[in-house]
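Protein chains in written order, with the numbering used here: chain A, 1 to 441; chain B, 1001 to 1441.
Below is one structure, written out as structure tokens; the observations come after it.
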């Protein structure tokens, strides 16, 4: 392939699709990005997208990166990355409708034209076997010339939402799982050329599509498992004399065989990836092996909120009519996403017990979303009003919560899930009752 | 304290005690090491101890390191490290008799003499709360002047048996959990001086004794959990098309949040540390919190041997009278220890089903031990005799097993748990039936 003429398509311009579209176009590839959401497309064209540098977008839009809402613009691509959502249904099964719809639309456009060879590269997280069966669907139902003139690969992404572009440019590894050697080589070569231009050489693994699909799940579910384990040790610290769970797990994480990431006890894991991936994978594993290991992860994760509510209930002598402020409602600091956020579950549980719930988040969008979902909660504009409440739960480690002046807290129970709060009278949730603060160390 | 006159005692000269005794004495500290096993003491004096460099031992014995079998020689120590075993009883409770006996003997010697201040530093793995209750026992029952003139700390070790001395000299972190500030400072300062001399500066964490005790368990049990997780993904790969579990988990381990250690599917975890620590910790957690999370680890670990036996049974059409060779019987490559080795469990299970079991290990001592424990097995002197068997299970990743000439294997089922075997007809256990060898990659 002539690399300089290679045209890359991206379907779905959420943070994953946009990060790749930007990454490729910043390094001289011609990219056509399609999102059927015209508001999103417009926002990208204007350069105003949370989590992405305006300069970077403005530098490439309409020069290397063409943003569109129409599949017609994907006529002449050599590789198309599909980065649409694959939500998990409430029964744990995977909703592939967005991927299927993208394939249908592509096939409509490609059917009438001539081309030598092109590859569909699926970035969406899908269960093992899905890429191969989508390839079969493309061939048998949509009539695409798979595998002779259309290749298929699964090429999972490992991007952190808050630093997606960085992770595209410096990945720990690239995984390419093609349905045949030609598909794999085509996409692996594209990445080799891309990273040559970036000036970085990640390991590129060529595997089967099933292996690629499984690698993504095995990675995410392991991170969920780490969170659950850390929180369980934290819960044990509550019941053990003189133990601070944050300190215990900080030291545990210094062992490089364990690692610092996801190891400090805190809120349960949340967010769309870990929650949906764990559920879908659990169901898959149960079907394939009869083993329900993911139940261990899921159930112990759920347990934390119960324990928090139990603790509040006992400290406040019941929850009915108690005013409880939850500081931090999104699933991770800075994010506007409240979907599958553990703090939201906490709020729901407190509301169901007739507590009066106040919410705050440094991200205003998260507060608006939370209000819309929860209904009868009081959104705090400032932290001044914490004077009114009976208890404050700090669920996200924002600096703003570290620095709340202590005089606000007279007679207020302050529970810190994060370790961020510097305040003598705050209770660290994961600390034994004999050792609530850092003082002993 | 005058560091140049400081005398360090070590009780128990297994690999942990000896590694510290050697480490300190190699850097100019005067060390008295006591082991009541006179054979062990003699072996150390002669310089001949597996896993330790003869030069190092010979360079310090009788100059900086005095090896004894008598507690009388611990009269004049400033710090004494207790590094005796704390086995787990079959009911999961911890057998502290060796620690208690060491304290009794120390107290007998110390009772009649004058000293200003000294510290007992417990390196043995003990459940949270144990160090503090041992200090109380030393005071109330043994009459030692705790804490005024005798301090107590828990100072867990994180040594790998095969490279214990290296790990003493370059630890990832040092954890000192004193019953009071004076105990902690005393031992922390000793380590500061030691590592100044070594020329290495590990982080030194001063924590409560309960935290120190918990850190050790939380670290080891996490590693056990990693092994179990890797093997579960491996079992899933067996049931999923086109998946090689070793390849999947190799790529997963490239994520530094996960890490390469303990992440490749293989035999279940074994060995004295992980097995006993997981059991004891599981019981402790259940008692304290009512949560039986460790059951998830333990039961899924046990499952692997069952699955292996099931597979052998089905491939060989029954096990009765089948000749099965198990290559690798110790719990990890190079080790002579067969106690709690997963390969030993496999052999036992096969014997119980009336298979004829052949064993081999690169470590001859391991073979002798295994024979003594198992009874009716055939120890293979060379791998030539593999011609006689129906199946070969490779359980440890010795180079010697990689290089077995393939012509031995005609009509022999070869199952590789390790990924080390290079042989077209070998089955990787953690690979789906459609993809047994590396060929597809």
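Here a beta-carbon is modelled for each residue, glycine too, at the ideal position from N, C-alpha and C.
_Suppose you measure from the CA of residue 197/A to the CA of residue 165/A; what does that come to, to the nearest Å?_
15 Å
_Please report the straight-line C-alpha distance between residue 1139/B and residue 1278/B, rounded to a whole angstrom._
31 Å
*Using DSSP bridges, identify the partner residues of residue 1121/B.*
1081/B and 1153/B
_Neighbour list for residue 229/A in chain B, Cβ cutoff strictly below 7 Å_ = 1222 and 1225
*Mark residue 55/A as exposed unless 16 or more other C-beta atoms lie within 10 angstroms of its C-beta, in which case mark it buried.*
exposed
*Using 8 Å as the limit for Cβ to Cβ distance, is residue 1244/B near chain A?*
yes
*Other residues of its chain near residue 28/A: CB distance less than 7 Å, five sequence neighbours each side excluded*: 64 and 197
*Hey, is residue 170/A's beta-carbon within less than 8 Å of any beta-carbon in chain B?*
Chain B contact via Cβ: absent.
*With C-beta atoms as the reference, is residue 1367/B less than 8 Å away from residue 1394/B?*
In this structure, residue 1394/B does not lie closer than 8 Å to residue 1367/B by Cβ.
*Taking the Cβ atom as the reference point for each residue, do residue 1131/B and residue 1177/B lie within a distance shorter than 8 Å?*
yes
*asked:* Within a Cβ cutoff of 6 Å, which residues of the same chain sit near residue 128/A, ignoring the five residues on either side of it in sequence?
replied: These residues qualify, in order along the chain: 210, 213 and 214.
*Quick one: what's residue 1267/B bridged to in DSSP?*
Beta-bridge pairing links residue 1267/B to no other residue.
*From the DSSP output, read off the bridge partner residues of residue 1358/B.*
1325/B and 1378/B
*asked:* Does residue 179/A pass the burial test, meaning 16 or more other C-beta atoms within 10 Å, or should it be called exposed?
replied: buried
*Tell whether a beta-carbon distance below 8 Å holds between residue 1338/B and residue 1370/B.*
yes
*Name the chain B residues whose beta carbon is nearer than 8 Å to that of residue 254/A?*
1172, 1173 and 1203
*Within 10 angstroms of its Cβ, does residue 1141/B collect 16 or more other Cβ (buried), or is it exposed?*
exposed
*Would you tell me roughly how many angstroms separate the C-alpha atoms of residue 1307/B and residue 1421/B, rounded to the nearest one?*
20 Å
*Residues near residue 1305/B in its chain [Cβ-Cβ closer than 7 Å; skip 5 each side]*: 1268, 1342, 1345, 1346 and 1349
*Could you tell me if residue 457/A is buried or exposed, where buried requires 16 or more neighbouring beta carbons within 10 angstroms of its beta carbon?*
Not covered by the structure: residue 457/A. The range shown for chain A is 1 to 441.
*Enumerate in chain order the residues of its own chain whose CB-to-CB distance from residue 113/A is below 7 Å, with the five nearest sequence positions on each side excluded.*
75
*Beta-carbon of residue 1207/B versus every beta-carbon of chain A: anything under 8 Å?*
yes
*In terms of residue numbering, what span does the beta strand (DSSP E) encompassing residue 331/A cover?*
Looking at the DSSP string, residue 331/A is not in any beta strand (DSSP E), and its letter there is neither H nor E.
*Report the option in 1085/B, 1163/B and 1354/B whose CA atom is closest to the CA atom of residue 1095/B.*
1085/B
*asked:* Give me the chain B residues within the contact set of residue 257/A, using Cβ-Cβ distance strictly less than 7 Å, ordered along the chain.
replied: 1223, 1259, 1261 and 1262
*Just the chain B side, please: which residues come within less than 8 Å of residue 288/A by C-beta, in chain order?*
1236, 1239 and 1240
*Label residue 62/A either buried or exposed according to how many other C-beta atoms from any shown protein chain fall within 10 Å of its C-beta, with 16 as the threshold for buried.*
exposed
*List the residues of chain A whose Cβ lies closer than 8 Å to the Cβ of residue 1191/B, in chain order.*
Going along chain A, no residue has its Cβ under 8 Å from residue 1191/B, so there is no contact; the nearest lies around 15 Å.
*Opposite residue 428/A in the DSSP bridges: which residues?*
416/A
*So what's residue 146/A in DSSP terms, helix, strand or just coil?*
Coil at residue 146/A, not helix or strand.
*asked:* Any C-beta of chain A within less than 9 Å: which residues of the region 1112-1131 of chain B qualify?
replied: Residues of the region 1112-1131 of chain B with a Cβ closer than 9 Å to any Cβ of chain A, in chain order: 1128 and 1129.
*If we count the other Cβ atoms within 10 Å of its Cβ and call it buried at 16 or more, is residue 382/A buried or exposed?*
So residue 382/A counts as exposed.
*Excluding the 5 residues preceding and the 5 following residue 276/A in the sequence, name in chain order all residues of the same chain whose CB lies nearer than 7 Å to its CB.*
87 and 88, listed in sequence order.
*CA-CA distance, residue 185/A and residue 1248/B?*
19 Å
*How about residue 1176/B: is its C-beta nearer than 8 Å to some C-beta of chain A?*
Residue 1176/B has a beta carbon lying at 8 Å or more from every beta carbon in chain A.
*For residue 1285/B, return the contacting residues in chain A, with the cut-off set at a CB-CB distance below 7 Å.*
Result: 236.
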